[in-house]
Amino acid sequence: MIPVHEAWHAILAHAGSTETVRLPLGKALGRILRTAARADADSPPFDVSAMDGYALRRADITQALRVTGTAQAGAAFTGPLRPGECIRILTGAPVPAGADCIVKQEDITREGDSIRVRRPDGPDYIRRRGENRRRGDIVVPAGTRLGPPELAALASAGIHQPEVARTPRCAHLVTGNELVAPDQTPIGAQIRDSNSTLIATLLARGGIELVAQVGLRDELAAGQAAAAALPAHDVLFISGGASVGDLDFARPLLEALGYTLHFHELNLRPGKPLVFASRGAQLAFVLPGNPVSHWVVFQLFLAPLLEHLQTGAAAAPARLTGRLAGGRLPPPDNRQTFWPCRAVIAGGGYEVTPLPLASSGDSSGLVGANALLPVPTPPGSLLSGQAVEFILCP
Ligand code: AMP
Ligand code: MG
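In the numbering used here, the protein residues as written are 986 to 1379.
Next comes the structure, spelled out in structure tokens:
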């Protein structure tokens, strides 16, 4: 049995990174930027008016001034600005040569072509060339996850096809003679397959591609045939069949497929029989079939791995601090326990409530789960109201 942190290191030791691809801005939401984006010009590119008003020389501000032209966003005033003159100017317009101040229109009185400034002591209302960013400055650093503000910054820098990490591709083989689809009524010893939905939606929420999801009978030959037909993938998940029961063929299947096994037993509850293997750059996991084990193992290992493949960051899940609320803690166990919880913000901090799971097979018991609580041994040492570290799960 290896401890959780060793399992994480073993996974990292075999994980590479996906290649870099160029995507149009409209398809790059949520991707990791691989190449720092630099400004291709000063921003603003010229001195620009911050107000609707009049451009003039501050030295003339106490005189009556004649309006001799107009400057608009997208249409500069190109003529000369002589003493005693001013230019009608709108927000976003280039400041005409010779003008050193914009007076907003609320601060002037106008009669015909003549204005007078009522408040001569106002600010300049000029956004200076390059005050946001200089040409060559980094606009979005490499490694940033691209949200709407970052994509807008790339757009303004003219980077319309940013270089981003390719999303990892996952394939999922779902084993179990007992499984029927959610739209079927189980007969006899059958149960409904909930893990397919769990994994598909966990991946979808992380923006990860699921290239195939195939249900299988518990037979090595069926597994080999299904694996041979899978499209290209970076990570293979096999649900169920991780242990050493008569029908647990997942490990022999991985070996038959040419994978090298790295671990198959963790000091972890739930999730002890997790299997990790690799074949070149491809990684494979056998997830213990219990739905709660699936969720825990995904949050502890798979979500950080899928992030790592894109970012290269070697981050185990971050730990936050909260307060333990009521709720039932699991019975004592020697294994390192990560218990599904509900974390909510209450009274300015997180309140963490352990979910009352009947067992790791209790799939509806996961409802509301959004956190994992590492439970010290023995669990009796945790008291309600006590400060605890926990992992917030997406
Ligand atoms: P296994 O790891 O295959 O021994 O399965 C452990 C437990 O999880 C058994 O009770 C299975 O019936 C259950 N199980 C396996 N696969 C699924 C699934 N896809 N959906 C729901 N329960 C499952
Ligand atoms: Mg099974």
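No residue lacks a Cβ here, since even glycine has one placed at the ideal position from N, Cα and C.
Just so we're clear, the structure is a prediction, and the values are computed from it rather than from any experiment.
Own chain residues within Cβ distance below 8 Å of residue i, not counting five before or after
i       : result
GLN1209 : LEU1238, ALA1241 and LEU1242
GLU1135 : LEU1018, VAL1125 and THR1129
HIS1218 : ARG1154, CYS1155, ALA1156, VAL1196, ALA1197 and GLN1267
THR1076 : SER1034, ALA1035, MET1036, ASP1037 and ALA1058
ALA1189 : LEU1195
Beta-carbon gap between residue i and residue j smaller than 8 Å
i       : j       : result
MET1036 : ILE996  : no
ALA1078 : ALA1061 : yes
HIS999  : HIS1157 : no
TRP1324 : PRO1316 : no
GLY1132 : ILE1017 : no
ILE1172 : SER1224 : no
ALA1058 : PRO1081 : no
PRO1276 : ASN1180 : yes
PRO1068 : ARG1051 : no
VAL1165 : GLN1175 : yes
ALA1024 : ARG1118 : yes
LEU1066 : PRO1153 : no
VAL1006 : VAL1229 : no
ASP1203 : LEU1221 : no
ARG1114 : ASP1032 : yes
GLY1346 : ARG1327 : no
THR1053 : ILE1072 : yes
LEU1014 : LEU1139 : no
ARG1320 : PRO1341 : no
Burial state of residue i (16 or more Cβ within 10 Å)
i       : result
PRO1363 : exposed
HIS1293 : buried
ASP1284 : Residue 1284 is actually Gln in this sequence, not Asp. Buried, because 16 or more other Cβ atoms sit within 10 Å of the Cβ of GLN1284.
LYS1257 : buried
ASP1318 : exposed
ARG1112 : buried
SER1349 : exposed
PRO1339 : buried
HIS1249 : buried
ILE1144 : buried
GLU1070 : buried
ILE1074 : buried
GLN1371 : exposed
ALA1049 : exposed
PRO1273 : buried
PRO1147 : buried
THR1170 : exposed
Heavy atom of the ligand AMP within 7 Å of residue i beta-carbon
i       : result
PRO1171 : no
LEU1251 : no
SER1344 : no
ASP1231 : no
ASN1319 : no
GLU1163 : yes
ALA1348 : Note that residue 1348 corresponds to Ser in the displayed sequence, not to Ala. Flag set: Cβ of SER1348 near the ligand AMP.
SER1366 : no
SER1141 : no
SER1028 : no
SER1369 : no
SER1002 : no
Contacts around residue i, its chain only, beta-carbon distance under 6 Å, and the 5 residues preceding and following it disregarded
i       : result
GLY1311 : SER1369
ALA1021 : ILE1123, PRO1126 and ALA1127
TRP1280 : LEU1351
VAL1271 : ILE1223, ALA1227, ALA1235 and VAL1260
GLY1297 : SER1002
ARG1264 : GLY1243 and TYR1244
PRO1167 : ARG1177
SER1278 : PRO1255, GLY1256 and SER1345
beta-carbon residue i near the ligand MG non-hydrogen atom, thresh 7 Å
i       : result
THR1020 : no
THR1160 : yes
GLY1015 : no
GLY1226 : yes
GLY1208 : no
GLY1274 : yes
ASP1178 : no
ASP1025 : no
ASP1203 : yes
Own chain, CB closer than 7 Å to residue i, minus 5 neighbours either side, in chain order
i       : result
LEU1187 : PHE1283
PRO1289 : ALA1300, ALA1301 and PRO1302
ASP1045 : PRO1068 and GLY1069
GLY1307 : ALA1328, GLY1334, TYR1335, GLU1336, VAL1337, VAL1373 and PHE1375
GLU1163 : ALA1174, GLN1175 and ILE1176
Whole-number beta carbon distance between residue j and residue i, since they are thought to touch under 8 Å
i       : j       : result
THR1003 : ARG1130 : THR1003 to ARG1130, Cβ: 14 Å. No contact.
PRO988  : ASN1355 : Not a contact, Cβ separation roughly 25 Å.
LEU1358 : VAL1337 : 6 Å
GLU1374 : ARG1304 : 4 Å
ALA1213 : VAL1199 : That belief does not hold up - the Cβ atoms of ALA1213 and VAL1199 are roughly 11 Å apart, past 8 Å.
ALA1207 : LEU1201 : 5 Å
PRO1361 : GLY1191 : Not really, about 29 Å apart at Cβ, beyond 8 Å.
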